[in-house]
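Undergrad: The opening residue of the sequence shown carries number 1 in full-length UniProt numbering; numbering runs sequentially from there.
Okay, here's the structure, questions in a sec.
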Amino acid sequence: MIPWIQLDSAKTPDDQQELRLKQRGSEFSIMLGTNELMNSRLSGSEEALAKLCCQRIAGHRRRRILIGGLGMGFTLRAALAELGDNAEIVVAELVPAVVAWARGPMAEIFAGSLDDPRVTIHETDVGQLIRSAPIAWDAILLDVDNGPEGIVHKGNDALYSVAGLAAARTALRPGGVLAVWSQGPDAGFTRRLKQAGFAVEEVNTRANGKRGARHVIWIATNS
C-alpha cells in the first residue's frame, strides 16, 4: 500500500490548530488534527452544493456568487460548469496556505479554474465580504467547516447565528440563495434560518455520487 506523505501544514486563523496537506499517490487529503476535512476522491456533495444553488438562480441575469471556502475547488469547478460566461464568482479563503496548495501541489486537481476570468480569490474572512455590501450577491455558498459550527475557525460561529444569517440575507439580491454544506443534520440551524426570514429546504446528498457518507445541504432562499 502506498503510504501517506505530509506535504505541508498551516496554522488555523486562531493559531490553536493545524491544517495538514497529505498525499498518497494521486490522492490528496486535508486534515484538521485527526479529522479529515476533505479528500480529493470524495467530491459529490460539494459539487451538489454548487449545482443545486445554481439551478435555483438560473433565471437571474449576470449571476454573481460568493463562495466561502476554497478547499479542493470542487464547489468552484462545479459552479463554473453551471454558469455562463458573464457570471462572476468570488471565493473567500481565510487560510493563505490553502490557496498556495491549490496553485502548487494540487494544481492538477484545480485544472486551471483559479485562472478562469470569472473567478476572483480573496484571502479574507467570508463574513467580512458578506457584511461589506447589501444586495450584492445572487448566491452565497458556505463550505468553511464540517457544518454550521466553527470547528476550523471559531469566528465562523457568527456566520451561523441568527444575526449572521440575517446579514447573509441582507447581502443577497431578491430571490437569492444561501447554500450551506454540512456533514450531518442540525435542527437548530434549520430553525435559525427560518428565524432569519429564509424559506428553507434541506437536501440529503452523498459524499461520492450515490455512495459514501450522507451529507446535508441547506438551500435557504431570500423570498
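No residue lacks a Cβ here, since even glycine has one placed at the ideal position from N, Cα and C.
How should Asn156 be labelled, buried or exposed, when 16 other C-beta atoms within 10 angstroms of its C-beta is the threshold for buried?
TA: One-based indexing of the sequence shown puts residue 156 at position 156. Counting C-beta atoms within 10 angstroms of its own C-beta, Asn156 has 16 or more neighbours from the protein chains shown and is therefore classed as buried.
Undergrad: In angstroms with no decimal places, state the Cα-to-Cα distance between Ala139 and Thr170.
TA: The residue labelled residue 139 in the question sits at position 139 within the sequence shown. The residue labelled residue 170 in the question sits at position 170 within the sequence shown. Rounded to whole angstroms, Ala139 to Thr170 spans 12 angstroms at the Cα level.
Undergrad: Under the assumption that Val162 contacts Ile217 (Cβ atoms under 8 angstroms), give the Cβ distance between them as a whole number of angstroms.
TA: In the sequence shown, residue 162 corresponds to position 162, counting from 1. In the sequence shown, residue 217 corresponds to position 217, counting from 1. Not really, about 20 angstroms apart at Cβ, beyond 8 angstroms.
Undergrad: Measure the alpha-carbon distance for Asp116 versus Ala220 and round it to whole angstroms.
TA: If you number the sequence shown from 1, residue 116 lands on position 116. If you number the sequence shown from 1, residue 220 lands on position 220. Those two C-alpha atoms are separated by around 28 angstroms.
Undergrad: Using DSSP bridges, identify the partner residues of Gln23.
TA: Numbered from 1 along the sequence shown, position 23 holds the residue referred to as residue 23. Answer is Ile5 and Phe28.
Undergrad: Confirm, please, whether the CB-CB distance from Leu7 to Gln23 is below 8 angstroms.
TA: For the purposes of this step, residue 23 is taken as the residue at position 23 of the sequence shown. For the purposes of this step, residue 7 is taken as the residue at position 7 of the sequence shown. With contacts defined as CB atoms closer than 8 angstroms, Gln23 and Leu7 qualify as a contacting pair.
Undergrad: Does DSSP classify Pro134 as helix, strand or coil?
TA: By one-based count along the sequence shown, residue 134 stands at place 134. Here Pro134 sits in coil by DSSP.
Undergrad: DSSP state of Ala48, grouped into three classes?
TA: Within the sequence shown, the letter at position 48 stands for residue 48. Ala48 falls in the helix class under three-state DSSP.
Undergrad: Cutting at 7 angstroms between CB atoms, please list the residues of its own chain near Leu193, excluding the five before and the five after it.
TA: Within the sequence shown, residue 193 is the residue found at index 193, counting from 1. When the five nearest sequence neighbours on each side are left out, the beta carbons in the same chain lying within less than 7 angstroms of the beta carbon of Leu193 are those of Leu165, Val200, Trp218 and Ala220, in order along the chain.
Undergrad: Is the beta carbon of Arg173 less than 8 angstroms from the beta carbon of Trp137?
TA: The sequence position of residue 173 within the sequence shown is 173, counting from 1. The sequence position of residue 137 within the sequence shown is 137, counting from 1. Yes, Cβ-Cβ distance for Arg173 and Trp137 is below 8 angstroms.
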